[in-house]
Amino acid sequence: MDIQVLVAYATKYGATTEIAEKIGQVLRQAGLPTDVLPVDRIKDPTPYKAIVLGSAVYTGQWRKEAAKFLQANETLLAERQVWLFSSGPTGQGDPVELLKDWRLPKSLQPIADRIRPRDIAVFHGNVDLKKLNFIEKEMLKTAKALSGDFRDWNAISAWAGTIVDDLLREAV
Ligand SMILES: Cc1cc2nc3c(=O)[nH]c(=O)nc-3n(C[C@H](O)[C@H](O)[C@H](O)COP(=O)(O)O)c2cc1C
Numbered sequence: 549m550d551i552q553v554l555v556a557y558a559t560k561y562g563a564t565t566e567i568a569e570k571i572g573q574v575l576r577q578a579g580l581p582t583d584v585l586p587v588d589r590i591k592d593p594t595p596y597k598a599i600v601l602g603s604a605v606y607t608g609q610w611r612k613e614a615a616k617f618l619q620a621n622e623t624l625l626a627e628r629q630v631w632l633f634s635s636g637p638t639g640q641g642d643p644v645e646l647l648k649d650w651r652l653p654k655s656l657q658p659i660a661d662r663i664r665p666r667d668i669a670v671f672h673g674n675v676d677l678k679k680l681n682f683i684e685k686e687m688l689k690t691a692k693a694l695s696g697d698f699r700d701w702n703a704i705s706a707w708a709g710t711i712v713d714d715l716l717r718e719a720v
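Residues in the sequence shown are numbered consecutively from 549, following this note's numbering.
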């Protein structure tokens, strides 16, 4: 298969790494050669025909390295098939509803409008209190956010499946 796929991610505590790896696993199982890499380790995204980019969300922002990648590679991304995702909300229910329709940091929306990604997903995240520093714990309390692992592996796999469908449909 001639479609080289990149799944690039930015994380602070590892939850988003595992989401990216799950997406990569689904793509590989479908026969798509896929690299899953932390976004700050990507030297040259040129060879990839399709790029999935995701970041953990902290106080409504993507991790700096993911935002930087999006900004620095806007022209290239506009010429590729692109999917974006955020890993964030904790709690039961539709993750986009939990975030009151938030999908992407406001500052990145104009770039996304120009890149025109195939989709922008929001996945439930994982807040592990043991890993957080004092300030982060206080922030969570103030925001009345729940801790725990709310990641929905079925939703993540299903979304990755839609990427497979799109890429394979266009490959024929
Ligand atoms: C201090 C703090 C602030 C957070 N702010 C947000 C937020 O604004 N929106 C959101 O959806 N999730 C927020 N989260 C939840 C994280 O995005 C979620 O736990 C994510 O899955 C962590 O990914 P990582 O382990 O890859 O860093 C916050 C978590 C912490 C600890």
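C-beta atoms are modelled at their ideal positions from N, C-alpha and C, and glycine is treated no differently. Here the structure is a predicted model, which is why all the values come from computation and not from measurement.
Is it buried or exposed for residue i, if we count other Cβ within 10 angstroms and need 16 for buried?
| i | result |
| --- | --- |
| valine 720 | exposed |
| leucine 554 | buried |
| lysine 679 | exposed |
| leucine 677 | exposed |
| alanine 673 | Residue 673 is actually glycine in this sequence, not alanine. With 16 or more other Cβ atoms within 10 Å, it is buried. |
| alanine 614 | buried |
| arginine 717 | exposed |
| alanine 626 | exposed |
| tryptophan 701 | exposed |
| arginine 611 | buried |
| proline 643 | buried |
| serine 634 | buried |
| glycine 602 | buried |
| glycine 572 | buried |
State the beta-bridge partners of residue i as determined by DSSP.
| i | result |
| --- | --- |
| isoleucine 668 | Leu632 |
| tryptophan 610 | Val605 |
| leucine 554 | Asp583, Ile599 |
| aspartate 697 | Asn674 |
Once the 5 residues before and after residue i are set aside, which same chain residues still bring their CB inside 7 Å of it?
| i | result |
| --- | --- |
| arginine 666 | Gln629, Val630, Trp631, Asp714 |
| proline 593 | Leu554, Ile599, Asn621, Leu624 |
| tryptophan 707 | Ala669 |
| glutamate 569 | Val584 |
| valine 574 | Ser705, Ala708, Gly709, Val712 |
| tyrosine 561 | Asp676, Lys679 |
| glutamine 552 | Pro581, Pro595, Tyr596, Lys597 |
Taking Cβ positions only, does residue i come closer than 7 Å to chain D?
| i | result |
| --- | --- |
| isoleucine 663 | Judged by its chain identifiers, the structure shown contains no chain D, having just a single protein chain. |
Tell me which same chain residues have a C-beta within less than 6 Å of the C-beta of residue i, skipping the five on either side of it?
| i | result |
| --- | --- |
| glycine 636 | Val605, Gly673 |
| threonine 690 | none |
| threonine 559 | Thr565, Ala604 |
| valine 675 | Thr638, Ser695 |
| phenylalanine 617 | Val587 |
> So does the stretch 647-665 actually touch the stretch 683-703, counting three or more Cβ pairs closer than 8 Å?
Replying inline: Flag = no, the stretch 647-665 and the stretch 683-703 do not touch.
> With a cut-off of 8 Å, do at least 3 Cβ pairs link the stretch 557-567 to the stretch 578-587?
Replying inline: Flag = yes, the stretch 557-567 and the stretch 578-587 touch.
>> Check whether the stretch 641-650 and the stretch 682-694 touch, using three or more Cβ-Cβ pairs below 8 Å as the test.
In response: With a cut-off of 8 Å, the stretch 682-694 and the stretch 641-650 do not count as touching, because too few Cβ pairs lie within range.
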